[in-house]
Amino acid sequence: MAAITIAEVSKIYHGNVEAVKSVSIDIEDGEFIVLVGPSGCGKSTLLRMVAGLETISKGTVTIGSRVINDVDPAERDIAMVFQNYALYPHMTVYENLAYGLKNRKTPKAEIDARVAEAARMLEIEPYLQRKPRALSGGQRQRVAMGRAIVRKPAAFLFDEPLSNLDAKLRVSMRGEIKRLQKRLGTTSLYVTHDQLEAMTLADRLVVLNGGRIEQIGRPLDVYHRPASTFVASFIGSPAMNLIKGQIDGGSLHVGLYRIELGGRAPVEGPVTVGLRAEDLKLAGVGEDAMMFQVDYVEELGAQRLVHGSIEGQPLTIALSPETPLSGDLAVTIAVDRLHFFSPETGKRLERGTSFASEAPVETHRLETAS
Amino acid sequence: MYRTKIFDHVILLFGVFIMVAPVVVAFMTSTHEAADIHRNGLSLTWGGHFVETYTTVLTREGGFTGKITGFNMMLNSMILGLGFAVGKIVLSMMAAYALVYFRFPLATFFFWVIFTTLLLPLEVRILPSYEVMNTLKLTNTYTGLIVPLLASATGTFYFRQFFKSVPDELLEAARIDGAGPFKFFIDVLVPLSRTMMAAIFIIMFVYGWNQYLWPTLMTTDEGFFTLVRGIKQILLVWVGSNIPDYNEAFALAILAMLPPVMIVVIFQRWFIKGLTESDK
């Protein structure tokens, strides 16, 4: 068990391709950190640098009190779980679990004890004498985790371990990984492209984009205060709606609609406005509202996603399935639920700190000339 | 589904006939006496001299020097075939391991150099090879018989392709599990390659067993004669006023066929597995 410090780490491939750009993360002892981002964002490369499977071009990685830049993967005191499990196909489950210990000259009795313990924890005891070929995907994944557990490493590294499982199994394995990590208290670094996995597993998640960190934070913080349009559109399902707007004199203009911001406008001028699908509500009678033109509806059972547009800008709204639908919907949103981003940099624009209350939004239809 | 018809069976049976008939003829003829064969030609009936002929062939000391038996020749062939097959597998596996798993300058270039040696079979380079062996005083040794034939572009190529298809994660997992290059090779790659090794073993064993030209050049000492050479020898030695020992030549040919056939039969399942699927 140990803290991991990743300090200004970069990965530069041949031809000056920078896959990871000066990334710094402080991981506390026992923390579960999830690296999340689209494919090609450098998350796997970063993990592999910590594992020692890729060389570190710049910066330092420290596990515990040891800088491990030039330490052999086997000596780093880490264990890794791979996406395709990477079990040795010719060895039995027992041999798979024991192989790493055997190479470290662990006494036979201790190997037996540790394998038995891990097998009990993961409920793979009945399969110890089987070959991986004779196991299902979920069982193989357990064996892969068992191989990590028996080593009792300072840190677990997970490289998209659930991607090869079917959806249902993925959910149950997700829960199991979380439980196991809490129980063992081992520092973990987990890579995934699935934002849901990231949200549910992480103590803190790290959103990566193009080799850079977009945001580090606890899942709900990231969800509620995304640091950029990238994070806003990546975290959360459905993705946050991003529409173009204009702030003039303290109120937000979206097309012909005007929303009073109550003196808490972040800037003047054009902005990108972020609206969570579930923050948009149907307007009550007499409330100021924006007209939402329904395009099509996705039924999810517990909720329904209504796709459409306001003033020609595409938008998705999450509504309860009981809500009656008509061609056009009058929708409204609480002012403090609005997110603002700079249209040039995509960075979050903070509003004035003087949040009063959940003031109802004031929307006015501007008088049009014709 | 396609249902086999009578005509398909006719074609197959015809094929079987063409393949098997010469062997049957050789076997049947080998049980006759030499004089019979000389008079009546090939025979399809049982001659009744099976035990004598085969015992003679296996145990009588023949040749000019009279110190080589059929059994010795079989042993020599076995040493050549096994040494050849095992040596080739070991060498080409190690070469392929170096080519696939180690980054060294000009690796691809070296691979193609190895590959182009396919264009240089033994027959083409037989004079220089002989010269080298002669200078090293390795004529009339098993080393001289086997070593010059070991380099195998085919084997290297097969193993290279196979190693390339082994997932990288396996290597990475092994590295994290503390296995160095040697351990990874022995503990992971070799067991994974078992079916491949069996397939190549068959091909190479038969190839080595059937070598004729190289052993003929390399060995003048009859103690090193192989079966394939022995067949020829029988017909040469007793030519003269005597009738050649056709029966013994046929018997030897049958004996020479047995080990390769047995190897193929025994390893057949692995052979097919090795060429069609991999154990990953």
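Residue numbers (my numbering), protein chains in the order written: chain D, 1 to 370; chain U, 1001 to 1280. Cβ coordinates follow ideal geometry from the N, Cα and C atoms, glycine included.
Distance from the Cα of residue 302 (chain D) is smallest, within the candidate group D:291, D:308, D:289 and D:319, for D:319.
Taken through DSSP and simplified to helix, strand or coil, residue 224 (chain D) comes out as helix.
Judged by their CB atoms, residue 25 (chain D) and residue 33 (chain D) are nearer to each other than the 8 Å cut-off.
In this structure, the alpha-carbon of residue 114 (chain D) lies about 14 Å from that of residue 104 (chain D).
Interface with chain U (8 Å Cβ-Cβ cutoff): residue 19 (chain D) is excluded. Under the 8 Å criterion on CB atoms, residue 4 (chain D) is classed as non-interfacial with respect to chain U.
Within the region 128 to 169 of chain D, the complete beta strand (DSSP E) segments at least 3 residues long are 155 to 159, listed from N- to C-terminus. Counting C-beta pairs with one atom in each stretch, the region 1203 to 1211 of chain U and the region 1181 to 1191 of chain U have fewer than three that are closer than 8 Å, which means they do not touch.
Boundaries of the alpha helix (DSSP H) harbouring residue 1165 (chain U): 1153 to 1165, taken from the DSSP string. The criterion of a C-beta distance shorter than 8 Å is satisfied by residue 1189 (chain U) and residue 1163 (chain U). Interface flag for residue 79 (chain D) against chain U is set, since a Cβ pair is found closer than 8 Å. Following the DSSP letters along the chain, one finds residue 80 (chain D) inside the beta strand (DSSP E) bounded by residues 78 to 81. Annotated as proximal: residue 242 (chain D) and residue 232 (chain D), with beta-carbon spacing under 8 Å. Your pair residue 1089 (chain U) and residue 1213 (chain U) does not check out as a contact, with CB atoms roughly 23 Å apart and the cut at 8 Å.
Using a Cβ-Cβ cut-off of 8 Å, residue 334 (chain D) does not count as an interface residue toward chain U, since no Cβ of chain U sits closer than that to its own. Residue 263 (chain D) and residue 340 (chain D) have their C-alpha atoms some 14 Å from each other.
Interface annotation, residue 40 (chain D): not in contact with chain U, CB-CB separation never under 8 Å.
In the three-state reduction of the DSSP assignment, residue 203 (chain D) falls in the coil class.
Beta-bridge partners of residue 188 (chain D) (DSSP): D:32 and D:156. Residue pairing from DSSP leaves residue 1140 (chain U) without any beta-bridge partner. Here the alpha carbons of residue 266 (chain D) and residue 342 (chain D) stand approximately 10 Å from one another. At a cut-off of 8 Å between C-beta atoms, residue 100 (chain D) counts as an interface residue with respect to chain U.
Only those residues of the region 42 to 56 of chain D whose C-beta falls short of 7 Å from the nearest C-beta of chain U are listed: 51 and 53. Bounds of the alpha helix (DSSP H) holding residue 1208 (chain U) are 1194 to 1209. Within chain D, not a single residue places a beta-carbon under 8 Å from that of residue 1249 (chain U); the smallest gap is close to 46 Å. With a minimum length of 3 residues, the unbroken runs of beta strand (DSSP E) contained wholly in the region 270 to 303 of chain D fall at 290 to 299. Within the region 1168 to 1182 of chain U, 1169, 1170, 1172, 1173, 1175, 1176, 1177, 1178 and 1179 place their CB atoms closer than 7 Å to a CB of chain D, listed in sequence order. The alpha-carbon of residue 162 (chain D) is positioned some 11 Å away from that of residue 175 (chain D).
Contacts with chain D (Cβ-Cβ distance below 7 Å) from the region 1075 to 1104 of chain U involve no residue at all. Under the three-state reduction of DSSP, residue 1131 (chain U) is assigned to helix.
Residue-level contact check: residue 1189 (chain U) does not touch chain D, since none of the beta carbons of chain D fall below 8 Å from its beta carbon.
Taking the beta carbon of residue 14 (chain D) as reference, no residue of chain U falls within 7 Å; the closest one sits roughly 12 Å away. For residue 1116 (chain U), the three-state secondary structure derived from DSSP is helix. For residue 280 (chain D), the CB contacts under 7 Å within the same chain, skipping 5 residues up- and downstream, are 317, 331 and 333 in chain order.
At least one beta carbon of chain U lies nearer than 8 Å to the beta carbon of residue 104 (chain D).
Taking 9 Å as the upper bound on Cβ-Cβ separation, chain D lies near residues 1187, 1188, 1191, 1192 and 1194 of the region 1187 to 1212 of chain U.
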